[in-house]
Amino acid sequence: MTRPAEALPTQEMLINMGPQHPSTHGVLRVLLRTDGEVVVNARPDVGYLHRGLEKIGERVTYAQFMPFTDRLDYLAAMNCNCAWAWAVEKLAGIEVPERAEYIRVIVCELNRISSHLIAFGSFTADMGAFTPFLYSIRERERVNDLFEAICGNRLTYNYARIGGVSADLPQGFIEKTKEFLDYFEPKISEYNELISYNKIFVHRLANVAVVSPEDAVGYGLTGPNLRGSGVKFDLRRDEPYSVYPKLEFDVCVGTGERGTLGDCFDRYMVRINEMRQSVRILRQAIAQIPEGPVATKVPRVFKPAAAEAYVRTECPRGETGFYVVSDGTQNPYRLKIRAGSFVTMNIFEKVTKGLMIADIVAVIGSFDIILPEIDR
Amino acid sequence: MESLARSLVSAAPAIAGVPFWAVTLLVMVATAAVLLVFALTFGGLGSYVLRKVAGDIQVRIGPNRVGPYGLLQFLADGAKLILKEDIIPAKADRFLFVLAPYLVFIGSFAAFVVVPFGVGLIASDLNIGVYYVMAVTSLVVVGILMAGWASNNKWALLGGMRAAAQIISYEIPVGMAIMPAVLIAGSLSLQDIVRSQGGLQGIFGWNLFHNPFTFFSFFLYFTAAQAETNQTPFDLPEAESELVSGYNVEYSGIRYAFFFLAEFGDMFIVAALATACFLGGWHVPFFRADALPPLWGNLLSLGVFLIKAFGLVLVMMWVRWTLPRLRVDQLMRMSWKYLVPLTFVNLLGVSLWLLIFKGKGIPQLIASVF
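Which chain is which? The protein sequence lines are A and B, in order. For the record, in the first sequence the residue sitting at position 294 is 294 according to this note's numbering, with numbers rising by one throughout. For the record, in the second sequence the residue sitting at position 244 is 1244 according to this note's numbering, with numbers rising by one throughout.
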């Protein structure tokens, strides 16, 4: 017996994913309109962590804003610290000693490793395999120990200064870093054996949420998310800053090795491979680092001349840019922060159409978003 | 049960004055109590072992604070769960909400009745044992769906729907994968199935080594049963990272504990059934436990059965902490496109084997050559 369609009406269900949800990586709220398990539409609703960082930047001095950049992306605080320092130095035309630049690159790459470790670990945990997360935490712990030796902090480092860094590397740091790199490099292959090429894991990620190279550029994706779509663009190589031109490394891009180019698996693999490249950069940097001062003298009452500057740097979650306008006073006149995760949210609605609910989690994990960067 | 009551009456004439039905009832209640204590202890210690195994796999320590080596952690957890506030959401369907955990728990606990723990250690050797297990464990799906619906929470509802689809889909491969053991024994009674595997000395009497098809069906059964009882990597109904915690998201306190215990009960039932049907049940390798005096024979066979079953439980825990989770469509595809056809082909293969070789397994055939 067939029934007329209107006798058994079906209805789309509106589900609220977040702001409190284990896999939204923070207080992201996604409004899911689903037909059973199939997502008809997923609209991200951001802003639950808005702290007004840009406005704060206009009310504090240039040096005082440094601790706030820790909170921009707390998993890659070193990168944000250095990005702010580079922006202000460009604005005021300050020369930075070479040793300081090397130290910045070292801490940035160490932080990139620890940030990618969290991305890898939490992504696998989202996919239901909890064990790799703890393995990644184990390795991150050693990076945290290194940072603790440098600046006393383990999460919000506040290490860079305008004109250099706050302190020279402690004694034995170079050796400890070498030790860590020797310990860590084989672990990446271990992760691949443990989970990366696991059949279930590959099936969950391959061909899911494919971002074409045109879309990736068109929607302004940056960092690993852009490279996952096969676009070979890395600010460290294409718009080199600091001492990156002196260092050799490959730009990792997605290859569609297990599915379509630009799917979740490609974005995941880009991060895994980037950890290897970071190790490579670190080995060169600690071999090349010169002796010398670690900071130039910057006047205590620091008033850059009226000017404006935009500096963009390659952070673990994409391009972090600071646009600073100075009017000759102690505080910036205007500060605009461009963060990778926020821009990534643009494409979220487009790529999640027609996926399953479980795939939404995979998409969030593969974009490796972080909420303080989205909401600022 | 009645025979036990009769032997009790004949052993102790003092209770002969009591009506026979009362004695039978008493024996039933006592048996149920023993099984319940076993199930609860298994749930408690199982959770401890699960967490220790998880700790070991995940380079951590695991519970180590309450009691020596954290052994009493499950008592602390149990006390906490009992003392916790019992929250029922305001818009929940109160009656169904309260009823659901008990249905789930009964579904898994009732299956303990036919588990052949030893030579004579079985609460009730039903002649439809395997069928009975399949039937009562299906009750779980009603409870889970009820919990999901009554919570009035969309995540819980999704979890409930997933569970219903999953458990019903995987019941077919589970039933079909266990049929070879039934065919070989020619009986649905689990005790008969175990006895049928004692033919040859050592482990070669086990159904696992009977013929290539039974070897395969053990793994089919184990996989499908993991899915039927919502174990990782098929734990979609309670997928923590997707559905928050699935059908039990609104439950707290002792009601949550019932879901939890049911999960551990299911784990044990799967392991026990796999042991009984494929791994020789309580048969001691290279030794005849049923030839010993009843007391020692029962104790020895109980020990051996539990070792085998717990071994399988450990494998489940190991899998649980290693593999990621399937997606719901992949899960369904796996059942209907792979497991169901495979188990049917497998059953056909076993049937043909039994027909051609007149019920003899490979070890028997080899033995008959010499």
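Glycine included, every Cβ here is placed at the ideal spot set by N, Cα and C.
(1) Checking contacts by CB at 8 Å: is Trp1321 of chain B closer than that to chain A?
(2) Does the segment 88 to 98 of chain A come into contact with the segment 1033 to 1048 of chain B, if we say contact requires no fewer than three beta-carbon pairs (one atom in each stretch) closer than 8 Å?
(3) Unbroken alpha helix (DSSP H) runs of length 4 or more, entirely within the segment 119 to 149 of chain A: which are they?
(4) Can you list, in chain order, the residues of its chain with a C-beta nearer than 7 Å to that of Gly164 of chain A? Leave out the 5 residues immediately preceding and following it.
(5) Just to check my reading of the structure: Asn1211 of chain B and Ile1362 of chain B have Cβ atoms closer than 8 Å, yes? What is that Cβ distance to the nearest angstrom?
(6) Listing by chain order, which chain A residues have their CB less than 8 Å from the CB of Arg1333 of chain B?
(7) If you check the beta carbons only, do Trp1353 of chain B and Phe1209 of chain B fall under 8 Å apart?
(8) Using C-beta distances below 7 Å, list every residue in its chain close to Gly254 of chain A, excluding the 5 sequence neighbours before and after it, in chain order.
(9) For Arg295 of chain A, which beta-bridge partners are listed by DSSP?
(10) When DSSP labels each residue in this structure, what does Gly1311 of chain B get in the three-state scheme?
(11) Taking 8 Å as the CB-CB limit, is Glu1242 of chain B close to chain A?
(12) Examine chain B for any beta-carbon lying closer than 8 Å to the beta-carbon of Ser114 of chain A, and answer yes or no.
(13) Round the Cβ separation of Asn225 of chain A and Thr344 of chain A to the nearest angstrom and send it over; I've been treating them as touching at under 8 Å.
(14) Could you say if the segment 22 to 37 of chain A and the segment 52 to 59 of chain A meet the contact criterion of at least three C-beta pairs nearer than 8 Å?
(15) Using the rule of at least 16 other Cβ atoms within 10 Å of the residue's Cβ for burial, across every protein chain shown, is Ala287 of chain A buried or exposed?
(16) Output yes if chain B places a C-beta closer than 8 Å to the C-beta of Thr222 of chain A; else output no.
(17) One question on the structure: do Cys82 of chain A and Ala160 of chain A come within less than 8 Å of each other, judged by their Cβ atoms?
(18) Which runs of the alpha helix (DSSP H) at least 4 residues long sit entirely within the segment 60 to 117 of chain A? Give them in chain order.
(19) Starting from Glu314 of chain A, trace the beta strand (DSSP E) both ways and give me its first and last residue.
(20) Between which two residues does the beta strand (DSSP E) holding Met1351 of chain B run?
(21) By the DSSP assignment, the beta strand (DSSP E) with Asp1093 of chain B in it spans what residues?
(22) Against Ile200 of chain A, what residues of chain B qualify as contacts under a CB-to-CB distance less than 7 Å, listed in chain order?
(23) Is Ile188 of chain A closer than 8 Å to Met275 of chain A when the C-beta atoms are compared?
(24) For Val1053 of chain B, which residues from the same chain have a beta carbon less than 6 Å from its beta carbon, with the 5 sequence-adjacent residues on both sides left out?
(25) Excluding the five sequence neighbours on either side, which residues of its own chain have a C-beta within less than 7 Å of the C-beta of Met1146 of chain B, listed in chain order?
(26) Quick check: the Cα distance between Val351 of chain A and Val211 of chain A, rounded to an integer number of angstroms?
(27) Quick check: what's the CA-CA separation for Pro372 of chain A versus Arg317 of chain A?
(28) Please list the partners that Tyr135 of chain A has in chain B, where partner means a Cβ-to-Cβ separation under 9 Å.
(29) Mind listing which residues of the segment 18 to 41 of chain A have their C-beta closer than 7 Å to chain B's C-betas, in chain order?
(30) At a Cβ threshold of 8 Å, is Asp1154 of chain B touching chain A?
(31) When the cut-off is 8 Å and only beta carbons count, does Gly128 of chain A lie next to chain B?
(32) Taking the alpha helix (DSSP H) that Tyr183 of chain A belongs to, which residues open and close that run?
(33) Under 7 Å Cβ to Cβ from Leu1072 of chain B, same chain only, skipping five residues before and after it: list those, please.
(34) Please confirm whether Val361 of chain A has its beta-carbon closer than 8 Å to some beta-carbon of chain B.
(35) My output table needs one value for Ile360 of chain A: the three-state DSSP class, helix, strand or coil.
(36) Under 7 Å Cβ-Cβ, which residues of chain B neighbour His203 of chain A?
The short version:
(1) yes
(2) no
(3) none
(4) Closer than 7 Å at Cβ, skipping near neighbours: Val96, Pro97, Ala100, Val294, Ala295 and Thr296.
(5) 6 Å
(6) Per Cβ cutoff of 8 Å: no residues; Arg1333 of chain B is ~10 Å from chain A at best.
(7) no
(8) Arg227, Gly228, Ser229, Gly230, Leu261, Gly262, Asp266, Arg267, Met269 and Val270
(9) It should be noted that the sequence gives Ala, not Arg, for residue 295 of chain A. DSSP, once it has assigned bridges, lists A:Gly164 as partnering Ala295 of chain A.
(10) Shown here, Gly1311 of chain B sits in a helix according to DSSP, grouped into three states.
(11) Yes - at least one Cβ of chain A is within 8 Å of the one on Glu1242 of chain B.
(12) no
(13) 6 Å
(14) no
(15) exposed
(16) Answer no: the Cβ-Cβ gap between Thr222 of chain A and chain B never drops below 8 Å.
(17) yes
(18) 66 to 70 and 77 to 92
(19) Ala307 to Cys315
(20) Sequence check: residue 1351 of chain B is Ser here, not Met. It is not in any beta strand (DSSP E) - Ser1351 of chain B instead sits in the alpha helix (DSSP H) that spans Val1340 to Ile1356.
(21) Here Asp1093 of chain B belongs to no beta strand (DSSP E), and DSSP marks it neither H nor E.
(22) Pro1233, Leu1323, Pro1324 and Leu1326
(23) Yes, they are a contact pair.
(24) Sequence-distant partners of Val1053 of chain B (beyond 5 residues in either direction) whose C-beta falls short of 6 Å from its own C-beta, in its chain, are Met1317.
(25) Leu1096, Leu1099, Ala1100 and Leu1103
(26) 7 Å
(27) Straight-line Cα distance between these residues: approximately 12 Å.
(28) Gln1058 and Val1059
(29) His21, Pro22, Ser23 and Glu37
(30) What sits at residue 1154 of chain B in the sequence shown is Lys, not Asp. So yes, Lys1154 of chain B belongs to the interface.
(31) yes
(32) Note, Tyr183 of chain A: alpha helix (DSSP H), Phe173 to Tyr191.
(33) Val1066
(34) yes
(35) Helix, per DSSP.
(36) Those are Gln1330, listed as they occur along chain B.
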